[in-house]
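As you go down the protein sequences, you meet chains Y and X in turn. Each residue of the first sequence is one higher than the one before, starting from 1 at the first, in the numbering used here. Each residue of the second sequence is one higher than the one before, starting from 392 at the first, in the numbering used here. Below you'll find the structure, written out as structure tokens, and then a few comments.
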Amino acid sequence: MKPLEGIVVLDFSQFLSGPSAALRLADLGARVIKIERPGSGDSCRQLSLHNLMSDGDSLLFHTINRNKESYAANLKDPEDLAKVIKLISHADVIIENFRPGTMDKLGLGYEDVKLMNPKIIYGSVTGYGKTGPWRNKPGQDLLVQSLSGLAYLNGNADQPPVPFALAAADMFTGAHLVQGILACLIRRGRTGVGGLIEVSLLESILDFQFEVLTTHLNDGGQPPVRSSVNNAHAYLGAPYGIYETADGYLALAMGSVIRLSELLNCPALAAYSDPKSWFLQRDEIKRILVEHLLTQPTQGWLDVLEPADYWCADVLTWERLLAHEAFQELDMVQEISRPGSQPIKITRCPIKINGMRPESTKWAPWVGENNAKLEEEFHLVEPTAKGERQV
Amino acid sequence: MTMTDLDKPLQDMLVLDFSQFLSGPSASLRLADMGARVIKVERSGIGDICRTLYISNMELDGDSTLFHSINRNKESLALDLKNPTELDVIKKLIGKADVMIGNFRPGVMERLGLSYEHVKLINPQIIYGEITGYGHNGPWRDKPGQDLLVQSLSGLAYLNGDAEQPPMPFGLAVADMMAGAQLAQGILACLVRRGVTSHGALVQASLLEATLDFQFEVLTTYLNEGKSPVRSSVHNAHAYLGAPYGIYRTKDGYLALAMGSVVELGHLLGCPEMTMYTDSSEWSTKRDEIKRILAAHLLHETTELWLSKLEPADYWCADVLSWDRLLKHEGFQTLQMTQQVTRSNGASLMTTRCPIRIDRAYMTSPKGSPRIGEHNEAILQEIAGM
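Here it is in structure tokens:
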């Protein structure tokens with residue numbers, strides 16, 4: 001039995017932050033019903049990377065929305081809204097990521113929904129919180145990264161601020177939302193009380209920086225200084241970084257510069273005997289390493305460092321990773337297909353429970369794919385006094 | 392508004408955390424934030440190695456600031472787990488615990504007699520969370536589970552930085568943070584189930600799987616398209632997104648531009664050259680050419696001026712703030728994202744709070760990180776009373 005079996009989630013959210021949270025809940029066994037606009041549905045259906053589409057929806061959409069159902073409803077239409085309100089009375093969790101105020105205007109804000117279902121766990125994602133001067137700014141990943149200081153930690157010192165090249169804010173926010181929702185489900189099990197969970201892209205991306213931001217808050221506000229040589233972390237000393245070798249690259253994590261000098265046979269490094277110098281003279285030390293590591297292929301260096309348990313690794317492309325036994329052992333990839341369509345390859349849940357990866361072959365739904373079934377199952381269309389069905 | 396301890400959702404949960412550094416301790420920190428009582432089980436003498444892992448040589452009261460930020464709001468029990476008497480103490484505590492967390496290399500907990508198979512005999516309802524670097528099988532199982540190394544093996548570094556640069560890692564411990572977040576999710580889900588069925592569980596996450604999941608959107612593209620990612624050679628911000636996506640220099644600072652129409656951007660910025668790209672598929676195929684035109688154009692005016700043209704049109708754009716500017720900004724202050732935590736001896740530190748709000752309240756705690764074994768006496772007394 002998957003841990004969240006029996007939990008019903010209504011997901012009103014679009015794009016990545018909210019839907020990635022709903023995906024994890026689905027992975028863990030919850031039944032997730034996407035509430036979508038009739039016709040076009042989640043805007044992510046048309047947001048493609050490299051124009052990759054499958055069966056009318058972007059591959060991106062398929063990736064994020066596998067293992068979910070879809071209920072198409074026009075929330076501005078009173079009849080559709082009435083059906084959604086009925087669904088809400090059967091739900092355990094609601095997720096939404098509209099700009100602040102949108103759900104309230106629809107009569108689906110937490111205060112409204114709580115009256116319909118006092119035990120509901122209501123998860124709300126915004127870009128920047130619901131108050132303050134940024135509340136109406138677009139809650140988009142790159143923009144939040146840019147406002148949060150994150151881009152000044154990435155890339156080399158001589159570069160402009162370099163953003164983290166994935167939707168880190170969306171992904172962390174989704175994970176934090178799941179944590180809050182699950183914690184409130186635990187509380188509900190004990191007390192019977194529902195809850196409102198609010199997360200924002202900005203707070204989540206600040207949390208992601210908590211180690212280094214804490215340093216900044218306590219070191220008199222000194223700005224972070226990225227390494228000018230193969231930066232990998234503005235606050236870590238040499239040798240931390242990825243270096244070019246004679247035939248590829250080598251990653252070196254934290255470790256003794258002296259030990260490295262001995263293992264790599266690089267006498268110039270031996271001068272840095274004071275560990276404090278590994279941070280204070282970071283770039284100077286890294287420059288010596290850059291020169292030295294170019295002289296041998298990656299495997300040559302690994303052969304010396306790994307037996308000494310020095311923290312190092314090759315730097316793999318996806319092509320080399322996917323061909324590697326270590327990747328195959330994880331069994332992280334599955335094929336999923338919609339009836340009548342070509343299968344697509346999709347990753348699985350990264351968490352294992354009792355030694356097993358939770359699995360599902362359920363595809364990402366068409367818009368409104370499950371309307372008829374849901375209307376019947378939850379009696380969303382009530383017979384009238386005359387025995388006729390309302391439309 | 393700050394939430395009272397009694398309202399915190401994980402009130403009454405007891406977590407025993409055997410883990411070190413960041414991945415496991417960041418998961419237990421989140422459980423502590425949400426109300427759980429977290430006891431760090433540390434080696435006598437040295438404790439969590441993170442205590443001496445300094446970033447930028449900064450320390451406070453004998454421990455690194457890193458340690459303080461990750462381990463606030465926890466207790467410390469220092470024991471020698473190889474000593475049978477002290478191991479018995481831990482087994483008694485395990486009998487009372489709801490959650491246990493470890494992040495040793497595979498085999499270490501087995502040798503101590505504290506693997507899930509052992510522990511569930513003591514406490515069948517326990518939720519046992521475990522983080523490894525690369526999983527329990529396969530050729531990498533004994534490799535060091537360190538963030539940069541996992542980033543390097545996972546393909547992540549080939550997405551970040553500009554095309555002409557070597558693979559560039561993400562400049563923070565993203566594998567650790569993601570693995571911690573995944574572990575916390577799995578633990579909480581199993582606690583939900585335990586409330587219904589009384590069953591315990593083993594929850595496993597690894598840095599590698601968490602980092603692959605972090606890449607799931609673009610990795611899926613690769614799996615189905617078969618073409619290697621190509622970073623932009625002009626201000627790369629995402630290897631799979633077309634122009635204008637990126638951060639650009641202006642006359643006096645920087646400007647971030649997210650996805651949007653290149654033609655509309657040309658009109659709004661007064662850059663006729665860009666309005667020629669009317670075929671939107673070219674925003675991907677001619678990404679770097681378009682971004683070069685944009686980079687040259689944006690240098691002519693200040694960030695503020697560009698924002699004043701783009702924001703009223705709701706074009707997705709933003710200033711690019713340093714922490715210095717961010718921390719002074721009302722947009723940051725309204726979040727009340729910082730809190731002061733204080734050790735029992737008075738040493739105190741400013742740090743961030745839990746990013747999750749519940750019932751419109753922040754979850755904070757003034758309790759600083761513990762000194763090694765600070766709570767031994769109190770915990771041993773509690774055990775004696777059990």
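Where a beta carbon is used, it is the ideal one built from N, C-alpha and C, also for glycine.
Here the alpha carbons of residue 95 (chain Y) and residue 18 (chain Y) stand approximately 7 Å from one another. Residue-level contact by beta carbon fails for residue 666 (chain X) and chain Y, as no gap is shorter than 9 Å. DSSP links residue 94 (chain Y) through a beta bridge to Y:10, Y:122. Relative to the Cα of residue 461 (chain X), the nearest Cα in the group X:423, X:470, X:725 belongs to X:423. Nearest to residue 451 (chain X) by alpha-carbon distance, out of Y:126, Y:254, Y:217, is Y:217. With the criterion set as a beta carbon lying under 7 Å from some beta carbon of chain X, the region 34 to 48 of chain Y has no members that meet it. A distance of 9 Å or more separates the beta carbons of residue 139 (chain Y) and residue 726 (chain X). Burial is judged here by how many other beta carbons sit within 10 angstroms of a residue's own beta carbon; residue 551 (chain X) has at least 16 and is buried.
Considering only beta carbons, the part of the region 726 to 754 of chain X lying closer than 8 Å to chain Y consists of 726, 728, 729, 740, 741, 742, 743, 745, 746, 747, 748, 749, 750, 751, in chain order. Annotation: the region 181 to 264 of chain Y contains the following complete segments of the beta strand (DSSP E) (minimum length 3 residues), in chain order: 195 to 200, 241 to 244, 249 to 252. Within the region 686 to 767 of chain X, the runs of alpha helix (DSSP H) at least 4 residues long that lie entirely inside it are, in chain order, 694 to 701, 714 to 719, 721 to 724. Restricting attention to beta strand (DSSP E) runs no shorter than 3 residues, the region 593 to 670 of chain X encloses them at 637 to 640, 645 to 648, ordered along the chain.
Residue-level contact check: residue 551 (chain X) touches chain Y, since one or more beta carbons of chain Y fall below 9 Å from its beta carbon. Following the DSSP letters along the chain, one finds residue 299 (chain Y) inside the alpha helix (DSSP H) bounded by residues 298 to 305. The bridge partners DSSP lists for residue 408 (chain X) are X:431, X:492.
With its beta carbon at least 9 Å from every one in chain X, residue 103 (chain Y) lies outside the interface. Under the three-state reduction of DSSP output, residue 108 (chain Y) falls in the coil class, being neither helix nor strand.
Residue 505 (chain X) sits away from residue 182 (chain Y), with the two beta carbons spaced by 9 Å or more. The region 49 to 64 of chain Y and the region 607 to 617 of chain X touch, with three or more beta-carbon pairs separated by less than 8 Å. Interface residue (Cβ-Cβ distance to chain X less than 9 Å): residue 97 (chain Y) is not classified as such. The region 643 to 659 of chain X and the region 596 to 614 of chain X do not touch, with fewer than three beta-carbon pairs separated by less than 8 Å.
Cβ neighbours of residue 20 (chain Y) within its own chain (closer than 7 Å, five residues either side excluded): 64, 170, 171, 174. With 16 or more other Cβ atoms inside 10 Å of its own Cβ, residue 205 (chain Y) counts as buried.
Under the DSSP assignment, residue 523 (chain X) falls in the beta strand (DSSP E) whose first and last residues are 518 to 523. By the Cβ test, the region 400 to 412 of chain X is in contact with the region 485 to 494 of chain X, since at least three Cβ pairs between them sit closer than 8 Å. Pairing residue 251 (chain Y) with residue 503 (chain X), the inter-Cα distance amounts to about 32 Å. By the Cβ rule, the region 2 to 18 of chain Y counts as touching the region 87 to 94 of chain Y, because three or more pairs are nearer than 8 Å.
Looking at Y:29, Y:243, Y:155, Y:180, the one whose alpha-carbon comes closest to that of residue 749 (chain X) is Y:180.
Interface residue (Cβ-Cβ distance to chain Y less than 9 Å): residue 642 (chain X) is not classified as such.
Counted as a single uninterrupted DSSP element, the alpha helix (DSSP H) harbouring residue 27 (chain Y) occupies residues 17 to 27.
A buried status is given to residue 464 (chain X), since no fewer than 16 other beta-carbon atoms sit within 10 Å of its beta-carbon. Under the 9 Å criterion on CB atoms, residue 338 (chain Y) is classed as non-interfacial with respect to chain X. Put simply, the CB of residue 163 (chain Y) is near chain X, with a gap under 9 Å to one of its CB atoms. Sequence-ordered contacts of the region 345 to 358 of chain Y with chain X read 345, 346, 347, 350, 351, 352, 353, 354, 355 [C-beta pairs closer than 7 Å].
Counting every other CB atom within 10 Å of its CB across the protein chains shown gives residue 775 (chain X) a total below 16, marking it as exposed.
The beta carbon of residue 562 (chain X) sits closer than 9 Å to some beta carbon of chain Y.
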